[in-house]
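Chains as they are written, first to last, in this note's numbering: chain G, -1 to 350; chain D, -1 to 350; chain R, -1 to 350; chain B, -1 to 350.
Beta carbons: idealized from backbone N, C-alpha and C, even for Gly.
4 protein chains.
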Amino acid sequence: MGQQEKIPVGIVGASGYGGVQLVRLLLDHPLLELVYLGGEGSAGRRYAELYPHFYGSLDLIIEPVDLEVIGDRCQVVFLALPNGLAADMAPTLIHKGCKVLDLSADYRFEDLQTYQLWYGKTREDRELAATAVYGLPEIYRDRIAQSQLVGCAGCYPTASLLALSPLLKQGLIVPETAIIDAKSGTSGGGRQGKINLLLAEADGSLGAYNVGRHRHTPEIEQVCSDLAGHEVLIQFTPHLIPMPRGILATVYATMRDPGLVRDDLLTIYKAFYRSCPWVRILPSGVYPQTKWACGTNLCYIGIEVDERTGRVIVISAIDNLLKGQSGQAVQCLNIMMGWSETLGLPELAFYP
Amino acid sequence: MGQQEKIPVGIVGASGYGGVQLVRLLLDHPLLELVYLGGEGSAGRRYAELYPHFYGSLDLIIEPVDLEVIGDRCQVVFLALPNGLAADMAPTLIHKGCKVLDLSADYRFEDLQTYQLWYGKTREDRELAATAVYGLPEIYRDRIAQSQLVGCAGCYPTASLLALSPLLKQGLIVPETAIIDAKSGTSGGGRQGKINLLLAEADGSLGAYNVGRHRHTPEIEQVCSDLAGHEVLIQFTPHLIPMPRGILATVYATMRDPGLVRDDLLTIYKAFYRSCPWVRILPSGVYPQTKWACGTNLCYIGIEVDERTGRVIVISAIDNLLKGQSGQAVQCLNIMMGWSETLGLPELAFYP
Amino acid sequence: MGQQEKIPVGIVGASGYGGVQLVRLLLDHPLLELVYLGGEGSAGRRYAELYPHFYGSLDLIIEPVDLEVIGDRCQVVFLALPNGLAADMAPTLIHKGCKVLDLSADYRFEDLQTYQLWYGKTREDRELAATAVYGLPEIYRDRIAQSQLVGCAGCYPTASLLALSPLLKQGLIVPETAIIDAKSGTSGGGRQGKINLLLAEADGSLGAYNVGRHRHTPEIEQVCSDLAGHEVLIQFTPHLIPMPRGILATVYATMRDPGLVRDDLLTIYKAFYRSCPWVRILPSGVYPQTKWACGTNLCYIGIEVDERTGRVIVISAIDNLLKGQSGQAVQCLNIMMGWSETLGLPELAFYP
Amino acid sequence: MGQQEKIPVGIVGASGYGGVQLVRLLLDHPLLELVYLGGEGSAGRRYAELYPHFYGSLDLIIEPVDLEVIGDRCQVVFLALPNGLAADMAPTLIHKGCKVLDLSADYRFEDLQTYQLWYGKTREDRELAATAVYGLPEIYRDRIAQSQLVGCAGCYPTASLLALSPLLKQGLIVPETAIIDAKSGTSGGGRQGKINLLLAEADGSLGAYNVGRHRHTPEIEQVCSDLAGHEVLIQFTPHLIPMPRGILATVYATMRDPGLVRDDLLTIYKAFYRSCPWVRILPSGVYPQTKWACGTNLCYIGIEVDERTGRVIVISAIDNLLKGQSGQAVQCLNIMMGWSETLGLPELAFYP
């Protein structure tokens, strides 16, 4: 493998948390070479000024965003920008022959109406958007392998859908009873100076937000509906947890067959994820801690059946910035390139 | 008030977190005087050796537990012990004329069968147990006022029941759809050297535990059944959050009348808690942070209706060691003594 | 005391962390009544919108800053503003007869040259500034009692000077060997959306900042020089700690007399602070934890002598927002009013 | 390299934090193969039961500690045990031809008198101990390369000595003025259920411990004396910080030549560490954050000169469990084997 030529890769929006994970991952990837870092506000600055732990490891300068230049230099481009910007860049990059992996919500929706309703931006790239694939490899691996443009799954949807998918796909639950109580570290809010994300405010505390109206809801529902074969509404509630990274999704649903026991479900989940190297089904009675997944691309899943209430409770844990964002993007790219989907991605946390 | 003689009070089990909250609260209470601190392992030691922030403020020595002595010296006794010990002490103390407030689970159950099933201890004090009142003043204030023995409500049940009670009492929800996703700081695990409660393990992480079988479940169900007028099963899942104190309960339930909107529920909740000085119903669109309640006896409640799914989502926040334990015990005692139930209890957090 | 009329008090700059502590403290103070909250950016908003834990406890609206109005309504005004603003307001308020307590650096310096050098603002209020007293009651109690205008001590200086003062005053150390290694929670950075204060960045991490050039240095040196009787240079290094509040100062100095042992120093410290209700000298071998002081106006001090090196090591802990800021301001006001200096101030933390 | 046969490696004491870092590192190392995990209390259990994030990645069972068996199966043995146990095992293992890397204090001291004085254990292995090399590669690389037995440097000594060594080696400071104010995450206390290490106690708080008598003092002094060429006493104070991992050492010393400026020192440090891939000297005005080093084997160093006081202040940051313990042990082994000292070790943190 050492002889193989490396693929030149660029990142637009390198200064945020999604960007810095990508930079970190790409420096370790054996077949990718980071050749371009783009940003508007930070153009001209050395990347290590923004993230000083890179001093001595990375000498790149952040460059202005010029799509022609990017398209010429890169075979692959990651877009790590606020929602609404990728839709203005992807068409040019795709036209120039790049593979594009978008970390925002712009290319996640089959129905742009839904996007426009929840994100409030009118879209001109209807044709291109129709070719985009939803970047959740455990569900859409084959389509990702064929695609040029991937709308990488959101962090909450990744944790939620990996917990829910086997249940919906196998018809084991009453879909409308599904409730997702999700908990995220504060890095999900991005590298922005928001008061509620200050350590002084968020540490030692916990709260819900956007109850009943978080934008990840329609994204979760789109995949759930696809798996269930009919339209499904999901209850989704996000909470902010006093920790930098990690997501835990606690998923509740009423089983169609109250006779199923925990071991049945463990068997079903293991079979469903048999070919998925990034999903770990935990043994009976073990539930995941988010820290196990931090710094890795893994999703840990624990399963419980409450025979008293007839519900299944599935608990999934991921690193919101890796499996929930940048790690998953690299996993998608590995698949698009025909490589092993584990290539260059970290598997084990440094615990504690 | 300054002229009124203070009531002598004792604490058995003063070395734990429940004990230290009581000590702190009693030192500020205008009508109570802490005269006895009891403990087995720590007897003979100065209390400030265990909790050095008391140096210069409290000179008491921890004494051995001798029920006769306690009964002679104290008019009121708080029992802050592991489950199963209060049942061996309360009879003697009650017999000696003390008012007893138990912080353990021993006197929370109307049906001792349920207690024995979930706690595994056979009970000999059936008669006395039948006189005990469940110590959740917002629901059972009148009975508490008449009682000699109070089994103070658990931390999770307090947060959960204050969120759920108006819905059940008014028949607004389908009871069996109620799901409580609860999150607690680690002090709930007590002052014991458990590996999973070490900062190195618990910080920066999050997980569920005792899924489908936490002992607070039957306690929640007992009150829910009482309010609903028939037996109710509740889904309850606790999570450990990387913070010292605080509980957030996120409660989901399907409304009987899908036409109810958020403002209707706010009105109903405000009416329900009209005479409850320790409950704050938040304005429309505001959800509580646990830190708001820390160091206070308050319960903050935020309410949301999801019109898409027909569910109500109620979120409550308390300090697990105050309103969830020792503060509530003092509130109960205030009621038993015929005093204002806010007497001597802290109302506002030091934020941030 | 219940009959005594309450003194009307105002806060200018109520929206920051200093402001919110003052609001919290004043609501509990038996002889003060909060009648005015002023702010520029937040004028017209209900205070509880900024800090929702006040819903149900405080109904005040933030008002624009009109010095004439403030002076008419308030007998006492707390200025809780960024450095440089108090100097423009205090003259008018003093002229109108108010007592003024400034929480910024504006009135801390005897020599305005020093202020101008470190803070970069030219001052027009030289005459008034000369009447201001440095608000550290343990050192300047008598002068505070006589003053109309107090420049309350900074947070780091408070912790540092309470640790150092007995040594300097008694001539026990070689002053120029004094090194203060100080550690602060992140609320010291104020309620501003700074990237480095985000939980995602600051949690699980630790670093020094402003090494050799923090603005609290000249303030510390001013008091040290006063106590030593000659000009003293001090080494001061602040660090940011992943916690919301609290300061620990670890102070090192070489003893003049290497024969002094720990117990000698404990005796000297206890004598020095004999009349200081807010200082606790810990027993031999006990060192303070910042959390013991959180939510209180106390300063805990632990003392060690290293006989191998001939150094004394003094460790002090305070709540940076109370004894280090707003609590101390109220303590100063108590003294200015001729009241007990403990009046209305919290003494014991809710631990853990 | 893929063709090279892997070296079989064992870990005795695999259940602690040192052990679990080694397991994690060895799974990624291209030339080492983990073949043995030993422990007393946990023998017979699957390793993933102790650390469930290994489910699906590691199937090893913990075995009893039988030195003959270990010596037969392993070419290299890491001892990750409490102080005092390695001295009873190393002789047999060395005799059987193993390379031994001890993570405890047993083989760190040239003078066993010092060890016995500070650790209170009488030693029978005087001859073997005399052959051990102190495992701090940046100072003793050549001797490590020749050794069979390495006493890996402690966590605090590593951070402290990397900050101090260039100053002492070049005679730039007055050695007896050196003061090390060190701050560590709580994992340094090990995987033991100690009350003061509970999240509920340690979170949101900060304190010093073992002031003037921490056992890492003589270890630091031994190397300082070696570098200075005469016996040196050092002031060392450790603090516990509310975070799982990381150490920051803030080192103060008076310069012999007050004319040296920051840039001079930066040049000297860069030259001193020219051939050290695991040390990063930060640019002028940049001070390290511990989180930059977490999950890596790097030591970041920032340097400041205070021209007012004539002192140099050097600040170093490491991951206490990697560069401060297990990572450094692997680095030492790489050197003993004649490999690149960066082999198989992580270089960049996942930030934030």
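CA-CA distance, D:Leu386 and R:Ile333?
The structure shown does not extend to residue 386 of chain D, since chain D spans only -1 to 350, so no value can be given for it.
Have a look at B:Leu147 and B:Asp255 and give me their C-alpha separation to the nearest angstrom.
Here the question's residue 147 of chain B lines up with position 149 in the fourth sequence. Here the question's residue 255 of chain B lines up with position 257 in the fourth sequence. For B:Leu147 and B:Asp255, the distance between alpha carbons rounds to 40 Å.
Whole angstroms is fine: what's the gap from B:Asp169's alpha carbon to D:Arg44's?
Translated into positions along the fourth sequence, residue 169 of chain B becomes position 171. Translated into positions along the second sequence, residue 44 of chain D becomes position 46. According to the sequence shown, residue 169 of chain B is Gly rather than Asp. Rounded to the nearest angstrom, the two C-alpha atoms are 51 Å apart.
Taking G:Arg278 as part of the beta strand (DSSP E), name the residues at either end of that continuous run.
On the first sequence, residue 278 of chain G is found 280 positions in, with the first residue counted as 1. Looking at the DSSP string, the run of the beta strand (DSSP E) that includes G:Arg278 is 277 to 279.
Quick one: which chain B residues come within Cβ less than 9 Å of G:Trp276?
Along the first sequence, read from residue 1 onward, the residue named residue 276 of chain G stands at position 278. Listed along the chain, the chain B residues whose CB falls inside 9 Å of the CB of G:Trp276 amount to none; the nearest CB is some 10 Å away.
Between G:Glu122 and chain D, is there a C-beta pair that is closer than 8 Å?
Taking the first residue of the first sequence as position 1, residue 122 of chain G is located at position 124. No, its Cβ sits nowhere closer than 8 Å to a Cβ of chain D.
Where the region 223 to 242 of chain G meets chain R: residues whose CB sits under 8 Å from a CB there:
Pro240, Met241, Pro242
So D:Phe9 is in the beta strand (DSSP E); what residue range does that whole segment cover?
Your numbering for residue 9 of chain D matches position 11 in the second sequence. Here residue 9 of chain D turns out to be Ile, not Phe, going by the sequence shown. Looking at the DSSP string, the run of the beta strand (DSSP E) that includes D:Ile9 is 5 to 10.
Just tell me which of B:Ser185, B:Gly187, B:Ala198 has its CA closest to the CA of D:Gly188.
Along the second sequence, one-based indexing puts residue 188 of chain D at 190. That would be B:Ala198, whose Cα lies nearest to the Cα of D:Gly188.
Distance cutoff 8 Å, beta carbons only. Does G:Glu38 sit that close to anything in chain B?
Your numbering for residue 38 of chain G matches position 40 in the first sequence. Interface with chain B (8 Å Cβ-Cβ cutoff): G:Glu38 is excluded.
Going by alpha carbons, who is nearest to D:Met241 out of D:Gln287, D:Ala41, D:Gly39?
As a first step, residue 241 of chain D is located in the second sequence; it is residue number 243 there, counting from the start. For D:Met241, the nearest C-alpha among the options comes from D:Gln287.
Every unbroken alpha helix (DSSP H) inside the region 257 to 313 of chain D [4 residues or more]
For the region 257 to 313 of chain D, whole alpha helix (DSSP H) runs of length 4 or above, ordered along the chain, are 260 to 270, 288 to 291.
Going by DSSP, what residues sit across from G:Lys181 in a beta bridge?
Reading the first sequence from its first residue, position 183 is the one you call residue 181 of chain G. The bridge partners DSSP lists for G:Lys181 are G:His237, G:Leu246.
Just to confirm before moving on: does the CB-CB distance between D:Lys181 and D:His237 stay below 8 Å?
Here residue 181 of chain D refers to the residue found at position 183 when the second sequence is read from its first residue. Here residue 237 of chain D refers to the residue found at position 239 when the second sequence is read from its first residue. Yes, Cβ-Cβ distance for D:Lys181 and D:His237 is below 8 Å.
Does the beta carbon of D:Gly322 sit closer than 8 Å to a beta carbon anywhere in chain B?
Counting from 1 along the second sequence, the entry for residue 322 of chain D is found at position 324. So, not an interface residue.
Check the Cβ of G:Trp290 against every Cβ in chain B and list those closer than 8 Å, keeping chain order.
By 1-based counting over the first sequence, the position of residue 290 of chain G is 292. Result: Pro50, His51.
Counting contacts by CB-CB distance shorter than 8 Å, is G:Asp304 in contact with chain D?
Along the first sequence, read from residue 1 onward, the residue named residue 304 of chain G stands at position 306. Closer than 8 Å: yes.
Taking only runs that begin and end inside the region 42 to 95 of chain D, name each unbroken beta strand (DSSP E) of 3 or more residues, in chain order.
With a minimum length of 3 residues, the unbroken runs of beta strand (DSSP E) contained wholly in the region 42 to 95 of chain D fall at 74 to 77.
Comparing alpha-carbon positions, which option in D:Glu229, D:Lys94, D:Pro89 lies nearest D:Asp104?
As a working note, residue 104 of chain D is residue 106 in the second sequence. Ranking the options by Cα distance to D:Asp104, first place goes to D:Pro89.
Tell me whether D:Met(-1) is buried or exposed, calling it buried when 16 or more other Cβ atoms sit within 10 Å of its Cβ.
As a first step, residue -1 of chain D is located in the second sequence; it is residue number 1 there, counting from the start. With a pLDDT of 44 at D:Met(-1), under the threshold of 50, the predicted position of this residue should be treated as unreliable, and no value is reported.
Using a Cβ-Cβ cutoff of 8 Å, what residues of the region 175 to 189 of chain B are near chain D? List them in chain order.
Shown in chain order are the members of the region 175 to 189 of chain B whose Cβ falls below 8 Å from a Cβ of chain D: Gly183, Thr184, Ser185, Gly187, Arg189.
Would you call B:Glu302 buried or exposed, if buried means 16 or more other Cβ atoms sit within 10 Å of its Cβ?
To locate residue 302 of chain B, count along the fourth sequence from 1; it is residue 304. Counting of Cβ neighbours within 10 angstroms places B:Glu302 among the buried residues, the total reaching 16 or more.
Environment of R:Ser273 [buried if 16+ CB atoms lie within 10 Å]:
Translated into the one-based positions of the third sequence, residue 273 of chain R becomes position 275. Exposed, because fewer than 16 other Cβ atoms sit within 10 Å of the Cβ of R:Ser273.
So, using beta-carbon positions, are R:Tyr132 and R:Ala151 closer together than 8 Å?
Counting from 1 along the third sequence, the entry for residue 132 of chain R is found at position 134. Counting from 1 along the third sequence, the entry for residue 151 of chain R is found at position 153. Yes, they are a contact pair.
Reducing DSSP to helix, strand and coil, say where G:Asp317 ends up.
Here residue 317 of chain G refers to the residue found at position 319 when the first sequence is read from its first residue. Note: G:Asp317 maps to coil in three-state DSSP.
Express the C-alpha separation of R:Ala347 and R:Ala291 in angstroms, rounding to a whole number.
Taking the third sequence and counting its residues from 1, the one referred to as residue 291 of chain R is at position 293. Taking the third sequence and counting its residues from 1, the one referred to as residue 347 of chain R is at position 349. Those two C-alpha atoms are separated by around 6 Å.
If you reduce the DSSP assignment to three classes, tell me which class D:Glu217 lands in.
Here residue 217 of chain D is taken as the residue at index 219 of the second sequence, counted from 1. Looking at D:Glu217 - three-state DSSP - the assignment turns out to be helix.
7 Å Cβ cut-off: residues of chain G touching R:Leu197
Here residue 197 of chain R corresponds to residue number 199 of the third sequence, with the count starting at 1. Those within 7 Å of R:Leu197 in chain G are Thr184, Leu195, Leu196, Leu197, Ala200, Asp201, Pro240, Pro242.
8 Å Cβ cutoff, B:Arg22 in contact with chain D:
Translated into positions along the fourth sequence, residue 22 of chain B becomes position 24. By this cut-off, B:Arg22 is not an interface position.
Cβ-based neighbour list, G:Thr184, same chain, cut-off 7 Å, excluding 5 preceding and 5 following
Translated into the one-based positions of the first sequence, residue 184 of chain G becomes position 186. For G:Thr184, where only same-chain residues beyond five positions count, the Cβ hits under 7 Å are Leu195, Ala200, Leu238, Pro242.
With distances taken Cα to Cα, identify the nearest neighbour of B:Ala315 among B:Leu110, B:Gly118, B:Tyr349, B:Cys153.
Here residue 315 of chain B is taken as the residue at index 317 of the fourth sequence, counted from 1. If we check each option's Cα against that of B:Ala315, B:Cys153 comes out closest.
Helix, strand or coil at R:Gly202 according to DSSP, with G and I counted as helix
For the purposes of this step, residue 202 of chain R is taken as residue 204 along the third sequence, with counting starting at 1. Note: R:Gly202 maps to coil in three-state DSSP.
Going by the CB atoms, is the gap between G:Phe76 and G:Ile9 shorter than 8 Å?
Counted from its first residue, the first sequence places residue 9 of chain G at position 11. Counted from its first residue, the first sequence places residue 76 of chain G at position 78. Going by C-beta atoms, G:Ile9 is nearer than 8 Å to G:Phe76.
Among residues of its own chain, excluding the 5 on either side of G:Glu339, which ones have a beta-carbon nearer than 6 Å to its beta-carbon?
Taking the first residue of the first sequence as 1, we reach residue 339 of chain G at position 341. Only Gln329, Asn332, Ile333 meet the Cβ criterion.
Through-space distance from R:Val172 to R:Gly166, alpha-carbon basis:
If you number the third sequence from 1, residue 166 of chain R lands on position 168. If you number the third sequence from 1, residue 172 of chain R lands on position 174. The identity of residue 166 of chain R in the sequence shown is Leu, whereas the question assumes Gly. Answer to the nearest angstrom: the Cα atoms are 8 Å apart.
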